[in-house]
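Okay, structure first, notes after.
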(Lines of atoms letter the chains of each structure in order from A and count residues from 1; the text may use other names and numbers.)
(Lines give C-alpha, C1' and ligand atoms only; values in the text may rest on other atoms or scores of the structure.)
Protein backbone atom coordinates (compact mmCIF):
# COMPACT_ATOMS: atom_id res chain seq x y z
CA UNK A 1 0.00 0.00 0.00
CA UNK A 2 2.78 2.45 0.94
CA UNK A 3 4.57 1.72 -2.35
CA UNK A 4 1.38 2.52 -4.34
CA UNK A 5 0.90 5.78 -2.43
CA UNK A 6 4.52 6.76 -3.02
CA UNK A 7 4.26 5.92 -6.73
CA UNK A 8 1.04 7.94 -7.00
CA UNK A 9 2.65 10.92 -5.31
CA UNK A 10 5.65 10.78 -7.63
CA UNK A 11 3.40 10.62 -10.69
CA UNK A 12 1.64 13.80 -9.61
CA UNK A 13 4.78 15.85 -9.19
CA UNK A 14 6.59 17.64 -11.99
CA UNK A 15 10.25 17.69 -11.06
CA UNK A 16 12.72 20.28 -12.23
CA UNK A 17 16.20 18.83 -12.63
CA UNK A 18 19.59 19.90 -13.89
CA UNK A 19 21.64 17.41 -15.81
CA UNK A 20 24.24 17.05 -18.51
CA UNK A 21 22.95 16.95 -22.08
CA UNK A 22 21.47 13.65 -23.16
CA UNK A 23 21.27 12.44 -26.71
CA UNK A 24 20.00 9.48 -28.56
CA UNK A 25 18.78 7.99 -31.75
CA UNK A 26 15.51 6.17 -32.05
CA UNK A 27 14.16 4.04 -34.88
CA UNK A 28 11.33 6.03 -36.47
CA UNK A 29 7.87 4.54 -36.77
CA UNK A 30 8.07 5.62 -40.43
CA UNK A 31 11.42 3.89 -41.00
CA UNK A 32 14.83 5.48 -40.70
CA UNK A 33 16.10 7.19 -37.59
CA UNK A 34 15.04 10.06 -35.35
CA UNK A 35 18.01 11.73 -33.70
CA UNK A 36 17.68 14.15 -30.80
CA UNK A 37 20.73 15.94 -32.18
CA UNK A 38 18.64 16.93 -35.23
CA UNK A 39 16.58 19.10 -32.86
CA UNK A 40 19.52 20.68 -31.04
CA UNK A 41 18.61 24.33 -30.46
CA UNK A 42 14.97 23.43 -29.86
CA UNK A 43 13.24 22.22 -26.71
CA UNK A 44 12.02 18.63 -26.99
CA UNK A 45 9.28 16.96 -24.94
CA UNK A 46 9.86 13.19 -24.97
CA UNK A 47 6.77 11.20 -23.96
CA UNK A 48 6.54 7.43 -23.53
CA UNK A 49 3.12 6.51 -24.89
CA UNK A 50 0.81 3.50 -25.14
CA UNK A 51 -2.31 2.97 -27.22
CA UNK A 52 -4.28 0.94 -24.65
CA UNK A 53 -3.68 3.01 -21.52
CA UNK A 54 -6.10 5.07 -19.46
CA UNK A 55 -3.94 8.09 -20.33
CA UNK A 56 -4.06 7.48 -24.11
CA UNK A 57 -6.40 10.47 -24.51
CA UNK A 58 -3.34 12.63 -23.81
CA UNK A 59 -2.36 12.07 -27.44
CA UNK A 60 -4.84 14.84 -28.34
CA UNK A 61 -3.17 17.20 -25.88
CA UNK A 62 0.30 16.31 -27.14
CA UNK A 63 -0.77 17.10 -30.71
CA UNK A 64 -2.27 20.40 -29.54
CA UNK A 65 0.96 21.22 -27.70
CA UNK A 66 2.91 20.53 -30.91
CA UNK A 67 0.46 22.59 -32.97
CA UNK A 68 0.66 25.51 -30.53
CA UNK A 69 4.37 25.58 -29.74
CA UNK A 70 5.87 23.74 -32.71
CA UNK A 71 5.96 26.89 -34.86
CA UNK A 72 7.99 28.50 -32.05
CA UNK A 73 10.44 25.60 -31.92
CA UNK A 74 9.04 22.87 -29.62
CA UNK A 75 9.27 19.26 -30.76
CA UNK A 76 7.00 16.70 -29.11
CA UNK A 77 8.42 13.20 -29.59
CA UNK A 78 6.09 10.26 -28.92
CA UNK A 79 7.86 7.06 -27.86
CA UNK A 80 5.37 4.18 -28.04
CA UNK A 81 6.35 1.58 -25.48
CA UNK A 82 5.08 -1.76 -24.27
CA UNK A 83 7.09 -1.55 -21.03
CA UNK A 84 3.79 -1.51 -19.12
CA UNK A 85 2.04 -4.05 -21.37
CA UNK A 86 -0.43 -1.58 -22.88
CA UNK A 87 0.81 -1.09 -26.43
CA UNK A 88 -0.46 -2.63 -29.64
CA UNK A 89 1.54 -5.45 -31.20
CA UNK A 90 3.19 -3.68 -34.12
CA UNK A 91 4.43 -0.23 -35.04
CA UNK A 92 2.11 -0.14 -38.04
CA UNK A 93 -0.88 -0.78 -35.74
CA UNK A 94 0.28 2.02 -33.43
CA UNK A 95 0.74 4.43 -36.32
CA UNK A 96 -2.67 3.63 -37.78
CA UNK A 97 -4.35 3.91 -34.35
CA UNK A 98 -2.78 7.33 -33.72
CA UNK A 99 -3.59 8.67 -37.18
CA UNK A 100 -7.21 7.46 -37.13
CA UNK A 101 -8.06 8.36 -33.54
CA UNK A 102 -5.93 11.46 -32.91
CA UNK A 103 -4.84 12.71 -36.35
CA UNK A 104 -1.34 12.57 -34.91
CA UNK A 105 1.44 14.22 -36.90
CA UNK A 106 4.07 14.21 -34.14
CA UNK A 107 7.36 12.48 -34.78
CA UNK A 108 7.06 8.97 -33.36
CA UNK A 109 9.56 6.26 -32.65
CA UNK A 110 9.08 2.57 -33.20
CA UNK A 111 7.88 0.63 -30.14
CA UNK A 112 10.68 1.16 -27.61
CA UNK A 113 11.41 -0.20 -24.10
CA UNK A 114 11.70 2.62 -21.55
CA UNK A 115 12.39 0.71 -18.33
CA UNK A 116 14.52 -2.17 -17.09
CA UNK A 117 17.62 -3.71 -18.62
CA UNK A 118 16.16 -3.45 -22.14
CA UNK A 119 15.44 0.29 -21.80
CA UNK A 120 16.52 2.46 -24.69
CA UNK A 121 19.92 4.16 -24.09
CA UNK A 122 18.20 7.58 -23.89
CA UNK A 123 16.10 6.42 -20.94
CA UNK A 124 19.13 4.79 -19.31
CA UNK A 125 21.05 8.06 -19.66
CA UNK A 126 18.17 10.09 -18.20
CA UNK A 127 17.96 7.65 -15.27
CA UNK A 128 21.72 7.87 -14.68
CA UNK A 129 21.76 11.67 -14.87
CA UNK A 130 18.56 12.50 -12.99
CA UNK A 131 17.25 9.36 -11.31
CA UNK A 132 14.02 9.66 -13.33
CA UNK A 133 12.59 6.42 -14.70
CA UNK A 134 9.11 6.35 -16.23
CA UNK A 135 6.74 4.90 -13.66
CA UNK A 136 3.96 4.45 -16.18
CA UNK A 137 2.87 5.48 -19.67
CA UNK A 138 2.72 9.15 -20.66
CA UNK A 139 5.61 10.25 -18.47
CA UNK A 140 7.22 13.34 -19.95
CA UNK A 141 10.84 14.46 -20.13
CA UNK A 142 11.46 18.07 -21.16
CA UNK A 143 14.82 18.76 -22.76
CA UNK A 144 16.32 22.23 -23.12
CA UNK A 145 17.53 23.44 -26.52
CA UNK A 146 20.98 22.23 -25.38
CA UNK A 147 19.66 18.71 -24.73
CA UNK A 148 19.66 18.94 -20.93
CA UNK A 149 16.82 17.43 -18.93
CA UNK A 150 15.14 20.43 -17.32
CA UNK A 151 11.94 18.84 -16.01
CA UNK A 152 10.14 15.53 -15.74
CA UNK A 153 6.43 14.97 -15.38
CA UNK A 154 4.37 11.95 -14.42
CA UNK A 155 1.39 10.50 -16.23
CA UNK A 156 -1.13 12.64 -14.42
CA UNK A 157 0.43 15.87 -15.69
CA UNK A 158 -1.63 16.57 -18.76
CA UNK A 159 -0.04 18.19 -21.83
CA UNK A 160 -2.22 21.27 -21.32
CA UNK A 161 -1.25 21.71 -17.67
CA UNK A 162 -0.12 25.18 -16.71
CA UNK A 163 3.02 23.81 -15.06
CA UNK A 164 4.17 22.02 -18.22
CA UNK A 165 3.25 24.90 -20.54
CA UNK A 166 5.18 27.39 -18.36
CA UNK A 167 8.28 25.21 -18.55
CA UNK A 168 7.94 24.97 -22.34
CA UNK A 169 7.31 28.71 -22.74
CA UNK A 170 10.37 29.54 -20.64
CA UNK A 171 12.52 27.48 -23.02
CA UNK A 172 11.06 29.21 -26.09
CA UNK A 173 12.00 32.74 -24.98
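In mature numbering (1 follows the signal peptide of the UniProt record, and there is no 0), the protein residues as written are -19 to -1, 1 to 154.
Even glycine gets a Cβ: it sits at the ideal position worked out from N, Cα and C.
Of the residues assessed, residue 135 falls on the buried side of the cut-off, its CB having 16 or more other CB atoms within 10 angstroms. DSSP places residue 52 in the helix class (H, G or I) of the three-state scheme.
For residue 30, the enclosing beta strand (DSSP E) begins and ends at 25 to 30. Shown here, residue 114 sits in coil according to DSSP, grouped into three states, outside any helix or strand.
For residue 111 and residue 11, the gap between their C-alpha atoms comes out near 30 Å.
Within a 10 Å sphere around the beta-carbon of residue 32 sit 16 or more other beta-carbons, which makes this residue buried. Counting every other CB atom within 10 Å of its CB across the protein chains shown gives residue 30 a total of 16 or more, marking it as buried.
Burial state of residue 121 is buried, judged by a 10 Å Cβ sphere holding 16 or more other Cβ atoms.
Counting other Cβ atoms within 10 Å of its Cβ, residue 118 reaches 16 or more and is therefore classed as buried.
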